[in-house]
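Asks:
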Amino acid sequence: MPLHRIYHPLSAFSSSDKQKLSERITALYTDRGLPAFYVVILFTPIESESFFVGGKPTDKFVRIVVQHLARQLPNEEAKKQFSERYENAIAPFIKDKGYDWEVHVEEVPPEMWRENGLIPPIKFPEIEKEWARQNKPIPY
Amino acid sequence: MPLHRIYHPLSAFSSSDKQKLSERITALYTDRGLPAFYVVILFTPIESESFFVGGKPTDKFVRIVVQHLARQLPNEEAKKQFSERYENAIAPFIKDKGYDWEVHVEEVPPEMWRENGLIPPIKFPEIEKEWARQNKPIPY
Amino acid sequence: MPLHRIYHPLSAFSSSDKQKLSERITALYTDRGLPAFYVVILFTPIESESFFVGGKPTDKFVRIVVQHLARQLPNEEAKKQFSERYENAIAPFIKDKGYDWEVHVEEVPPEMWRENGLIPPIKFPEIEKEWARQNKPIPY
Numbered sequence: 001m002p003l004h005r006i007y008h009p010l011s012a013f014s015s016s017d018k019q020k021l022s023e024r025i026t027a028l029y030t031d032r033g034l035p036a037f038y039v040v041i042l043f044t045p046i047e048s049e050s051f052f053v054g055g056k057p058t059d060k061f062v063r064i065v066v067q068h069l070a071r072q073l074p075n076e077e078a079k080k081q082f083s084e085r086y087e088n089a090i091a092p093f094i095k096d097k098g099y100d101w102e103v104h105v106e107e108v109p110p111e112m113w114r115e116n117g118l119i120p121p122i123k124f125p126e127i128e129k130e131w132a133r134q135n136k137p138i139p140y
Numbered sequence: 001m002p003l004h005r006i007y008h009p010l011s012a013f014s015s016s017d018k019q020k021l022s023e024r025i026t027a028l029y030t031d032r033g034l035p036a037f038y039v040v041i042l043f044t045p046i047e048s049e050s051f052f053v054g055g056k057p058t059d060k061f062v063r064i065v066v067q068h069l070a071r072q073l074p075n076e077e078a079k080k081q082f083s084e085r086y087e088n089a090i091a092p093f094i095k096d097k098g099y100d101w102e103v104h105v106e107e108v109p110p111e112m113w114r115e116n117g118l119i120p121p122i123k124f125p126e127i128e129k130e131w132a133r134q135n136k137p138i139p140y
Numbered sequence: 001m002p003l004h005r006i007y008h009p010l011s012a013f014s015s016s017d018k019q020k021l022s023e024r025i026t027a028l029y030t031d032r033g034l035p036a037f038y039v040v041i042l043f044t045p046i047e048s049e050s051f052f053v054g055g056k057p058t059d060k061f062v063r064i065v066v067q068h069l070a071r072q073l074p075n076e077e078a079k080k081q082f083s084e085r086y087e088n089a090i091a092p093f094i095k096d097k098g099y100d101w102e103v104h105v106e107e108v109p110p111e112m113w114r115e116n117g118l119i120p121p122i123k124f125p126e127i128e129k130e131w132a133r134q135n136k137p138i139p140y
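Protein chains in written order, with UniProt numbering: chain A, 1 to 140; chain B, 1 to 140; chain C, 1 to 140.
1. Would L73 (chain A) count as contacting chain B if we go by Cβ distances under 8 Å?
2. Looking only at its chain, what residues have a beta carbon closer than 6 Å to the beta carbon of T30 (chain B), apart from the 5 residues adjacent to it on each side?
3. Among B:E77, B:A78, B:A70, which residue has its Cα nearest to the Cα of Q124 (chain B)?
4. Note the first and the last residue of the continuous beta strand (DSSP E) segment covering L42 (chain A).
5. State the DSSP-derived secondary structure class of E107 (chain C), mapped to helix, strand or coil.
6. Taking only the alpha-carbon atoms, compute the straight-line gap between N88 (chain B) and G117 (chain A) and give it to the nearest angstrom.
7. Just how far apart, CA to CA, sit residue 149 (chain A) and H104 (chain B)?
8. According to DSSP, is P92 (chain A) part of a helix, a strand, or is it coil?
9. Under the rule that 16 or more other beta-carbon atoms within 10 Å means buried, what is Q67 (chain B), buried or exposed?
10. Beta-carbon of V53 (chain A) versus every beta-carbon of chain B: anything under 8 Å?
11. If K56 (chain B) sits next to M112 (chain A), beta carbons under 8 Å apart, how far is it from one beta carbon to the other, in whole angstroms?
12. Spell out the partners DSSP gives Q67 (chain A) in its beta bridges.
13. Can you pull the chain C neighbours of F82 (chain A), defined as C-beta to C-beta under 9 Å?
14. Roughly how many angstroms separate the alpha carbons of Q134 (chain A) and A27 (chain A), rounded to a whole number?
15. Using CA coordinates, which residue listed in B:K129, B:I127, B:D96, B:V108 is at the minimum distance from D17 (chain B)?
16. Using the three-state DSSP reduction, which class does D59 (chain B) fall into: helix, strand or coil?
17. Go ahead and pull the three-state DSSP assignment for L118 (chain C).
18. Just list the residues that DSSP pairs W113 (chain A) with in beta bridges.
19. Residues in the same chain with beta-carbon distance under 7 Å from Y38 (chain C), minus the five sequence neighbours each way, listed in chain order, please.
20. Using alpha carbons as the reference points, say which of A:L21, A:L10, A:T58 lies closest to A91 (chain A).
21. Just to make sure I have the definition right: I need the residues of chain C whose C-beta is within less than 8 Å of the C-beta of N135 (chain B). Which are they?
22. Just to make sure I have the definition right: I need the residues of chain B whose C-beta is within less than 9 Å of the C-beta of I41 (chain A). Which are they?
23. The segment 86-115 of chain B: which residues have C-beta closer than 7 Å to a C-beta of chain C, in chain order?
24. How many angstroms separate the CA atom of F51 (chain B) from the CA atom of Q72 (chain C)?
25. For chain B, check one thing: does any of its Cβ atoms lie closer than 8 Å to the Cβ of R24 (chain C)?
26. Report the CB separation of K41 (chain B) from W101 (chain B) in whole angstroms; it is logged as a contact under 8 Å.
27. On the CB-based measure, 16 or more other CB atoms within 10 Å of its CB, does R5 (chain B) come out buried or exposed?
28. Is any beta-carbon of chain C found at less than 8 Å from that of L28 (chain B)?
29. Check the Cβ-Cβ distances between Y38 (chain C) and every residue of chain B, and say whether any is below 8 Å.
30. Is F124 (chain C) helix, strand or coil when you go by DSSP?
31. Quick one: what's got a C-beta closer than 6 Å to V108 (chain C)'s C-beta in the same chain, skipping five residues either side?
32. Contact defined as beta carbons within less than 8 Å: I believe P137 (chain A) pairs with W131 (chain A). What is the distance between those atoms, to the nearest angstrom?
33. Starting from F51 (chain B), follow the beta strand (DSSP E) in both directions and report where the run begins and ends.
34. Compute the Euclidean distance between the alpha carbons of F61 (chain A) and T44 (chain A), then round it to the nearest angstrom.
35. Should M1 (chain B) be listed as close to the ligand COA, given that the test is whether its C-beta is under 7 Å from any heavy atom?
36. Just the C-alpha distance for L34 (chain C) and P120 (chain A), rounded to the nearest angstrom, thanks.
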């Protein structure tokens with residue numbers, strides 16, 4: 001469900017950084033009861049000569065695009081809180097290393113969303129819990 | 001119009017697989033009368049150490065992001081049918097090879113969509129048919 | 001804010017082309033008073049065997065996905081004008097070189113958008129001007 005595309009300079013993250021950052025992002029959702037496998041994170045390295053901020057090539061900027069499907073946050077306050085939790089999750093690997101960064105989160109209507117071809121059980125909390133427990137999509 | 005971004009493990013698809021899968025996806029739209037050239041499909045290989053599902057690196061997952069512009073499917077039933085047709089189109093190259101996968105389709109308002117700088121003839125079915133026949137954008 | 005993802009054939013753009021094209025795109029926004037650093041442009045080369053248009057591999061097509069956050073264009077006329085200005089900006093490096101191309105612009109609600117962890121001052125024109133003057137996000 002949540003898809004995180006992280007565009008970053010070639011040397012921004014070690015394998016271990018990517019592992020730990022992914023775990024921190026994933027926990028934002030599993031803490032709320034969502035199945036872990038819903039969280040997909042794609043790291044995309046971009047060469048300096050292909051990464052422009054303000055019309056200048058950069059190797060000091062990280063751009064993150066997040067898409068949410070399983071949950072639409074109900075109001076401005078909830079959205080604000082999510083952004084704050086997200087910023088805390090990523091800070092050790094971006095802010096604290098001296099990068100500039102930008103994040104936005106999109107909320108995509110879930111009608112044409114499928115996991116292994118199955119309609120995710122957004123409206124069936126008990127089934128969603130079972131998906132979370134088994135950490136995979138199960139026909140229902 | 002439909003843009004399909006397919007994020008996949010390095011070894012998931014041969015050139016021939018990509019060719020055949022693209023043809024199957026394209027047919028979903030040309031069968032409905034849309035110009036073939038509207039269908040753009042981008043395969044993006046992602047290394048295992050940059051592809052995380054549930055906080056773990058993976059080489060067994062395919063994530064597909066689809067964007068529709070030319071047509072907004074009018075209701076929940078039409079959306080459901082599209083997802084079913086899509087799943088059938090991709091199954092031989094993903095499900096049947098043992099990958100896990102996730103798809104979502106977004107519907108993007110078409111006001112700022114252009115093909116070779118031209119406003120696509122969404123509201124002019126006869127012109128759209130001509131674009132489909134010639135398989136290229138034609139000034140009108 | 002505006003994020004431009006430019007998917008292109010391997011040999012479409014030299015480093016100098018990317019530099020100049022980025023400057024032209026950035027100017028579309030700085031001309032309207034937006035901070036230069038809001039404009040992020042990512043060039044993503046796609047191999048011919050992974051880039052399909054109409055079910056056929058191509059090395060003559062450029063696909064651009066633009067996302068706007070800081071401003072929602074208020075009506076159809078404003079959107080049309082933006083698309084025209086955009087087409088003019090990119091023409092020397094795409095149309096004039098014989099490529100086919102497709103662009104679409106999405107308008108994303110800005111509630112969960114952050115620059116270096118800060119809420120961009122969409123509702124505070126004076127602060128936005130200061131961000132533009134200093135070309136960086138400043139706590140306020």
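Where is the CB? At the ideal position from N, CA and C, for every residue including glycine.
Replies: Short version:
1. no
2. A36
3. One detail in the question is off: residue 124 (chain B) reads as Phe in this sequence, not Gln. Of the listed residues, the one whose Cα sits closest to F124 (chain B) is B:A70.
4. 40-45
5. strand
6. 9 Å
7. The question about residue 149 (chain A) has no answer here: the residues shown for chain A are numbered 1 through 140.
8. helix
9. buried
10. no
11. In fact, because the Cβ distance is near 26 Å, the residues do not count as touching under 8 Å.
12. A:L3, A:E106
13. M112
14. 16 Å
15. B:D96
16. coil
17. strand
18. B:H104
19. M1, P2, Y29, A70
20. A:L21
21. G54
22. S50, F51, F52, V53, G55
23. V108, E111, M112, W113, R114, E115
24. 33 Å
25. no
26. In the sequence on display, residue 41 (chain B) carries Ile and not Lys. The pair is not a contact, with the Cβ atoms about 15 Å apart (cut-off 8 Å).
27. buried
28. no
29. no
30. coil
31. Q67, L69
32. 6 Å
33. 51-53
34. 13 Å
35. This structure simply doesn't include the ligand COA, nor any ligand for that matter.
36. 40 Å
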